[in-house]
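Report on the structure given below.
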Amino acid sequence: MRKWLCLLVLILAPCWAKAAPDTPYGAELMLYYPRLTQPQQAVFDLAYAAAWKGEARAEMPRGTSYNDACAAMDALLLDCPELCALSGAYSVGYYLDKPQEAIYIDMEYVMPVSCQQELVNRAKSMADQACGDDFAREWILHDLLCRAVTYDVEGNSPHTAYGALAEGRAVCDGYAKAMTLLLRLSGMESGVAQGVMLASGASHAWNLVKVDGAWTWLDVTNDDQDDMTTYFFFNLTDEWLRRSLALETPGLPACGDASVNWHVRNWRYVTDAQEMKKHVFNNFRNMKVQGSRFCLRFERQSDYLSLRDGVVQWAIQYNKLGEYPIEGQLLTYYDDAQQCVIVRFDE
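According to the numbering used here, the stretch in the sequence shown is residues 27 to 373, in order.
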């Protein structure tokens, strides 16, 4: 009798086949999907297939947990920027006598489902321009996205990757979703993180990305200023992030490797006063010969303030060397929390 009871349990228990959603990138590059349980992943796969085709309802296998259905949908909406047609609202159906069991998931759409393939095509075209190691590809995609998008709350679909890549207008989560898609299509693990900007208290979204084996924070929105691309928020550690942003998404990997930071990687991180003079003079020289600006990050606030508030005095000291003197109006752009300064001049 015991054997038959055991067999009956096996027959009635839902069977979750190990699979993966049919995404345009590998499932291993996703941030939230790998953290789901196998039953939750199975629900995710079914919902993804339905959403890609624009179906209003995804039927659930018998025995699907209501909580698993909700967890899967929450992950789907955060982890799949290519599903831009989804509104973000969903409902899970259940029987009144079995409220713990989900029988279907209903989804809503805000644009034609054909926009999803258009988005993927545009993203692939941009991602194909990235080459080199992880850092190099990330840098290329960062700059391409900044050039392609204007921050605009009045866009048609500013909270989507479609708004960023197809319409050229987006807000923070549109930037972050677009960057997630670009990075994954370039073969890099990435996802969207959510939180609050400390200076304003406004809700904000940015990226978590794995670069050369290290998790790091990337905020393309804050790097895309009106008349320039900055690198103040390009690959921050947890410590640097906490100066400007409060993370609200739980359970994400720690970011403690400063070696992938843009300034550190490009030898633009100043750690002491003696090093500062060398950095500033070398960058004045390079700015005059090769370009119109330079950007430095400072470890010490005193060094940061010295350049932020005294750039003219630094230029006077440099000009005394007599080599490639600086002439013209000097302009500074800075971020006090990140202790970064950009120096530009107009001849």
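Note that beta-carbon positions come from the ideal geometry of N, C-alpha and C, so glycine has one too.
Heavy atom of the ligand ADP within 7 Å of residue i beta-carbon
i    : result
L333 : By its list of ligands, the structure shown contains no ligand whatsoever, and the ligand ADP lies outside what it can speak to.
Residue environment, residue i, which counts as buried when at least 16 other CB atoms sit within 10 Å
i    : result
M376 : With the chain covering only 27 through 373, there is no way to say anything about residue 376.
C141 : buried
A101 : buried
E108 : buried
V315 : exposed
C41  : Legend: pLDDT at C41 = 49, less than 50; position of this residue unreliable, value from coordinates given subsequently. The residue is exposed, with fewer than 16 neighbouring Cβ atoms inside 10 Å.
Q365 : buried
Y121 : exposed
K124 : exposed
L36  : Note on L36: pLDDT 35, under 50, position unreliable in the model; no value is reported.
W30  : In this predicted model, W30 has a pLDDT of only 36, less than 50, meaning its place in the structure is not dependable; the value taken from the coordinates is given anyway. The residue in question, W30, is exposed, as its Cβ has fewer than 16 Cβ neighbours within 10 Å.
A68  : buried
N287 : buried
I352 : buried
D12  : With the chain represented from 27 up to 373, any question about residue 12 goes unanswered, as that position is not in the structure.
L38  : Because the pLDDT at L38 is just 41, under 50, the model does not fix this residue reliably, and the value given afterwards should be weighed accordingly. By the 10 Å Cβ count, L38 comes out exposed.
Q126 : exposed
N93  : exposed
L34  : At L34 the pLDDT is 33, less than 50, meaning the model places this residue with poor confidence; the figure from the coordinates comes in the next sentence. With fewer than 16 Cβ atoms within 10 Å of its Cβ, L34 is classed as exposed.
N182 : exposed
M27  : Caution is warranted here: a pLDDT of 35 is assigned to M27, below 50, making its placement in the model unreliable, and the coordinate value is therefore given only provisionally. The residue in question, M27, is exposed, as its Cβ has fewer than 16 Cβ neighbours within 10 Å.
C32  : Bear in mind that the predicted position of C32 carries a pLDDT of just 33, short of 50, making it unreliable; the figure below should be weighed with that in mind. Exposed is the call here.
D329 : buried
From the options, residue whose alpha carbon lies closest to that of residue i
i    : options                : result
W266 : T275, T358, A363, L331 : A363
F324 : V337, G114, A299, N309 : A299
T358 : Y58, I368, K124        : I368
C110 : D123, A219, Q220, V136 : V136
Q355 : C366, V337, K79        : V337
A149 : D178, L333, A68, G189  : G189
G277 : I129, L55, G239, Q220  : Q220
L234 : K203, T90, Q67         : K203
L224 : A153, S270, D238       : S270
G80  : L72, M86, P87          : L72
V296 : L112, L331, R88, V146  : L331
E180 : R195, T275, N308       : R195
E134 : R83, P87, E193, G227   : R83
D250 : E349, N312, L171, V286 : L171
M302 : S151, D199, S91, Q327  : Q327
Q143 : S285, A284, P50        : P50
L207 : H185, A284, M56        : M56
L209 : F371, R370, G52        : G52
V139 : Q64, H305, L112, P65   : L112
D169 : F259, T275, Q64, R334  : F259
H185 : Q64, S285, W232        : W232
N147 : G158, G227, L191       : L191
CB contact flag (residue i, residue j, <8 Å)
i    : j    : result
G119 : D105 : no
H289 : Y257 : yes
W241 : A272 : no
V246 : Y201 : yes
R163 : S216 : no
L167 : A174 : no
Y116 : M99  : yes
S238 : D154 : Before going on, a small fix: residue 238 reads as Asp here, not Ser. Their beta carbons are not under 8 Å apart, which means D238 does not touch D154 by this criterion.
V322 : N309 : For the sequence presented, residue 322 should be read as Leu rather than Val. Yes, the Cβ-Cβ distance between L322 and N309 is below 8 Å.
M205 : K236 : no
E54  : P47  : no
V222 : D199 : no
F307 : Y344 : yes
S91  : A128 : yes
F243 : L262 : One detail in the question is off: residue 243 reads as Trp in this sequence, not Phe. Cβ distance < 8 Å, so W243 and L262 count as in contact.
G114 : L103 : yes
L62  : A97  : yes
L145 : A77  : no
Y130 : E85  : yes
S318 : R268 : no
W340 : L347 : no
Alpha helix (DSSP H) segment containing residue i, residue limits
i    : result
N345 : 327-345
T247 : 246-249
S140 : 140-153
A190 : 187-191
Host beta strand (DSSP E) of residue i (start-end)
i    : result
S229 : 229-237
G317 : Per DSSP, G317 belongs to no beta strand (DSSP E) and is neither H nor E.
D169 : Per DSSP, D169 belongs to no beta strand (DSSP E); it is in the alpha helix (DSSP H), 160-174.
D361 : 355-361
A212 : Looking at the sequence provided, one finds Ser at residue 212 rather than Ala. Unbroken run through S212: none, as it is neither H nor E.
Q220 : 216-223
Ignoring anything shorter than 3 residues, give me the beta strand (DSSP E) runs that lie fully in the stretch 74-132, in order along the chain. 83-85, 112-121
Segments of 4+ residues assigned as alpha helix (DSSP H) that fall wholly inside the stretch 262-326: 264-267, 288-291, 299-316
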